[in-house]
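In case it helps, the numbering used here puts the sequence shown at residues 353 to 1455. No residue lacks a Cβ here, since even glycine has one placed at the ideal position from N, Cα and C. Owing to the predicted nature of the structure, the values given are computational and were not obtained by experimental measurement. Here's the structure, in structure tokens; my notes come after.
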Amino acid sequence: MSGNGLSYGEQGGEAATAAELGQEAAPTATPAAPAAFGLFSSDTKKNEDLKQMLESSKDSAKLDAMKRIVGMIAKGKNASELFPAVVKNVASKNIEIKKLVYVYLMRYAEEQQDLALLSISTFQRALKDPNQLIRASALRVLSSIRVPIIVPIMMLAIKEASSDLSPYVRKNAAHAIQKLYSLDPEQKEMLIEVIEKLLKDRSTLVAGSVVMAFEEVCPDRIDLIHKNYRKLCNLLVDVEEWGQVVIIHMLTRYARTQFVSPWKDDDVVEEYSENNFYESDEEQKEKDRKVKHTYTMDPDHRLLLRNTKPLLQSRNAAVVMAVAQLYWHLAPKSEAGIVSKSLVRLLRSNREVQYIVLQNIATMSIQRKGMFEPYLKSFYVRSTDPTMIKTLKLEILTNLANEANISTLLREFQTYVKSQDKQFAAATIQAIGRCATNITEVTDTCLNGLVCLLSNRDEIVVAESVVVIKKLLQTQPAHHGEIIKHMAKLLDNITVPVARASILWLIGEYCERVPKIAPDVLRKTAKSFTNEDDLVKLQILNLGAKLYLTNSKQTKLLTQYVLNLGKYDQSYDIRDRTRFIRQLIVPNEKSGALSKYAKKIFLAQKPAPLLESPFKDRDHFQLGTLSHTLNSRATGYLELSGWPEVAPDPSVRNVDIAKSAKEWTGFLGKTKKEKPTEKFYSESEEEEGASTTTSASESESGSESEKEEKEEGSSDESSGSSSSGEESSDSESDGKESTAKKTSRTADESDSEDIKKKAKGISKKRSTSSSSDVETTSSEESSAESKSESGSKSDSESGKSRGATSSKKEEKPVQDTKAPNKQDVFLLDLDDFCPVTTPVAVPTAAVLSPSLTADLEGLSLSSSSVIDVTTQVSVPTKIHELLHRMSGKGLAAHYHFSRQAGNFGDHMVSVQVTVTNTTDQKIENIHIGEKKLPAGMRMHEFNPIDCLEPAGSITVSMGIDFCDSTQMASFQLCTKDDHFNVCIQPPVGELLLPVTMSEKDFKKEQGMLTGMNETSATIAVAPQNSTRLLIIERVVKAANLGVVPSGQDNIHRFAAKTVHSGSLMLVTVELKESSTAQLIINTEKTVIGSVLLRELKPVLSQG
């Protein structure tokens, strides 16, 4: 955006400036001072012009001004004086203007703290804006104001945004967490609670941002990841690219703490490969069994590797690099090779990417050469490569060198030595030296090649060659006397200090092999001693000392001369070395015992130097990190821990069955798509054409399932008839429902609703295709409500139609069955589904494999026996006015909610209307006229009142289907002569039906409704109001909730389901210390849940 603003500013801004300069130039052509003044005044005018444009009534002028202002910011100009004028436009209805205003505010919010604080209320209002982009931008600006005084406001905004319906806003909440933590680290505990909540979020948009916040705020809290580990692995492919990078790095650290090393397995296999030919079959089997059981990869470990592998094809280099480091640090060595091809692919990117990738390849190629040997030619240096890339490629080629490819590489190196890039040429010579030491077959060849380079015209090449030859000669000096003589002759021409020092050291070290040349070299260097570099002077002293000890006749006077020169040298290092050598080699009265061993000290056998890669020690840093690139621990670097000897308990990653239900059903929906011939519901088969063969096959499958279940055995007939019968077949209960009375639909509805919630992934897809278009309303909130409502409505209707079709097909009653044992349901088992082979009868005539039937039992597809609609606990006494007697010309009407279920139908809320005649004349034909109801809302009218006597009053009942929303039902209340516009608006508590359930079932259902389906608040409760009876009385009076028995005195639980869709509404009031209580509401209907939370808070906290 700033880029666009910049270009616009360049065009518009420069044109305006040019025009203004032109106007100033005419009258002030001669004097210079007024011209300069004209420039300043034009800038002032330009800003005044911008202010006027911002105050214009036209959006186009405001947008133009904002673009120019953002352009100024991009150019580095100060636009802070426009802050008041810009802030006024925060409330603009034009989205483009708002966006640019927020860009400006994010830039100056920190600098102009006082001005920014003045607009806090504006941002707080924007946090409630119906547009998700505005809500998110407001949160971004709020978190950019780095003022400690607004920390509580930021904290509250982040908490609210973390529960927002829009994943984009929740993503920005995760970003704000990091900013708030850097501003006030003391908020850490509260921020961890928000992070924990957002980690449960199933949106791929949020995942990367919340993990980034986790890494920033509490990277050591591994326990927060346990339950979300599998979800993060499965979401990884769909997360945005930069989110993938963050998650992969975090999971790499996590895996190193939770799984055992997969690298032990390789050692065992190598030992095992050397089989004894004479071993018996029994011994062989025993050994085989032992090897197999040495290491078994944890399924969660395998899940991570399997789900990250496809990301090697990512277009983002950082993602590929992240996966590569994950495989390097976590995968068995036999599997790590798959990353090499992807890393080589990245070498086609820009030079910055190449640099990082090559650094990591250099580290990898030291330990595992085989990974990159097939791609050797990809590392050949190009003439267009910058020096840093050339040096890294050279490093990798040296690491990959072996007997098979060394001849090819040396030919390549010969070309590199001739490069105009002298730094690269010097690095090539070092590479040749390393190849010579690592591969003994080519040592002589390399040495001869380096000697040839000594005649090169380039001094740097010659100097580097000398240094490398010196190191090579130390490995086998006896055979290379000629090379030492040749190097001694070059001493007159070489001026580079390191090279001169290396030659002198070689001559001194092996002076006995060149007895004639060494004294002459000392003579020549003694002449130039005072002009030499300190490094060379030290080696001249060493050479003199060694010759004094081996050939004192020829060199005694020369050595004393050199020592005298060194005694008065300007460098104290040289002076100290001179005194030390004199006392050691020239015996006198003061000489100590060391003088006897002077020859052994100076001419001791010295170990040959090891030519090692500079990347050898970098592998202790995690690949792909800044610390690895710098080879130094960077701030914020998180150490990669070692593998544990024994793996921690893997059950901590098991998600409760209730929580994993949605993933299960979502997967079942996928299998349905893959196998279109095998349907989950008999309804679809009916729709496609109900032939006799279809029904026959279904009845056959039903009888087969009965046989199987009979073999399992039915333990108790009475319990089977009460609960198991309903669990094993909804079709039976649905068959009864088709012949039962209208009022008995409630139980069936709870069945269908329960199935809807437990097998959401199946029924949701089915209902979405069959339901009509979702109704839309004017406000965004109500449209969100109506979407969820219509989906749930069609769910329940499709459930009924399935029940009806299955009851038609059913010819004989289903036997009492015993539910199979519940098994743990893990996300990993999703890959292990076996194809459907034997059809088995399950609720709503679904066709599933036997393995799925057993696994899905954990989801308890029918729980109607434990969640039943109950009678109301309390009838509200609050009376609402429908029509005032003054407005109704003497006719008054009031209404209240009677909380009587099923009077007018399954989805209707019962309303009692009391009509009163306050006049002294009869009022005839009181009835409901024209209805103005929102889309989807229905009304059951009361019977017309023929005549109402003066001062008379009558109460009638009516039913309204509010579609689980608090929208008003508007209609006309008519008499014989008049009609009056009235409306009924329900409190959210009256949109519920109380249900009964056990505490165990409550917790199970609550476990399924976490994350975005949970809203909570902390409220202050006076001690005298915290008794159980008082809390129950207040809650059930405010909302039509059923009381759930609780085993704890401080926790009170209530349950209900929405009248229209039957969605569960679970309310928990947990009393805490210090006169506070936590109010938690769990429901799929998040809008209703948040409204109910707002209504219950004052009820519980009032005195």
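Same chain, Cβ closer than 7 Å to residue i, neighbours up to 5 away in sequence not counted
i: N808; result: V814
i: L874; result: L895, G896, L899, T907, L910
i: S1442; result: T1367
i: L917; result: F881, T882
i: T930; result: L893, L915, G918, K919
i: T1420; result: I1403, R1405, I1432
i: T739; result: D773, Q775, F776
Short Cβ contact (8 Å threshold) for residue i with residue j
i: A559; j: L584; result: yes
i: R487; j: L535; result: no
i: L1325; j: A1408; result: no
i: F1323; j: I1275; result: no
i: V691; j: Y679; result: yes
i: A513; j: L491; result: yes
i: Q464; j: S432; result: yes
i: S717; j: L744; result: no
i: M458; j: S496; result: yes
i: F1354; j: V1396; result: yes
Nearest candidate by alpha-carbon position, reference residue i, set the options
i: R420; options: V442, Y456, V439, N446; result: Y456
i: T1438; options: L485, R852, S515; result: S515
i: L761; options: A779, E1366, A783; result: A783
i: L802; options: I791, Q766, G1304, Q828; result: Q766
i: F1314; options: I1280, K1241, E1342; result: E1342
i: D1272; options: Y924, L1243, L1431, I1440; result: L1243
i: M1417; options: S1427, H1404, Q1252, N1434; result: N1434
i: S979; options: R697, L824, Q711; result: Q711
i: L955; options: L470, A714, W857, K868; result: W857
i: A437; options: V453, A525, L656; result: V453
Three-state class that DSSP yields for residue i in the structure shown
i: D810; result: coil
i: D1313; result: strand
i: F309; result: Limits of the chain in this structure are 353 at one end and 1455 at the other, which puts residue 309 out of reach.
i: D1220; result: strand
i: C804; result: helix
i: K1449; result: helix
i: M1289; result: coil
i: P482; result: coil
i: H832; result: coil
i: R852; result: helix
i: Q1454; result: coil
i: R985; result: coil
i: F1178; result: Note that F1178 scores a pLDDT of 42, beneath 50, so its modelled location is shaky and nothing firm can be said.
i: E1385; result: helix
i: K1355; result: helix
i: K1437; result: coil
i: Q1273; result: coil
i: L1235; result: strand
i: L550; result: helix
i: R697; result: helix
i: K1241; result: coil
Spatial neighbours of residue i in its chain, beta-carbon cut-off 8 Å, leaving aside the 5 residues before and after
i: I449; result: D411, K414, L415, M418, N441
i: T609; result: I574, S993, P996, P1000
i: A688; result: Y679, W680, R720, M723
i: R927; result: G918, K919, Y920, D921
Residues near residue i by beta carbon distance below 6 Å, same chain, minus five either side
i: G833; result: R865
i: R852; result: I846, V888
- [ ] Tell me, please, whether the stretch 1326-1338 touches the stretch 1393-1406 by the rule of three or more beta-carbon pairs shorter than 8 Å.
- [x] no
Task: Cβ pair count under 8 Å reaching 3, the stretch 589-607 against the stretch 546-559 - done: The stretch 589-607 makes contact with the stretch 546-559; the number of CB pairs closer than 8 Å reaches 3 or more.
- [ ] Could you say if the stretch 1291-1307 and the stretch 1368-1383 meet the contact criterion of at least three C-beta pairs nearer than 8 Å?
- [x] no
Task: Given 8 Å, three or more beta-carbon pairs between the stretch 1353-1366 and the stretch 1299-1311 - done: no
TODO: Could you tell me whether the stretch 877-887 touches the stretch 958-971, using the rule of 3 or more Cβ pairs below 8 Å?
DONE: no
Open item on the list: Count Cβ pairs between the stretch 932-939 and the stretch 682-691 that sit closer than 8 Å; are there 3 or more?
Closed with: Too few Cβ pairs lie closer than 8 Å, so no.
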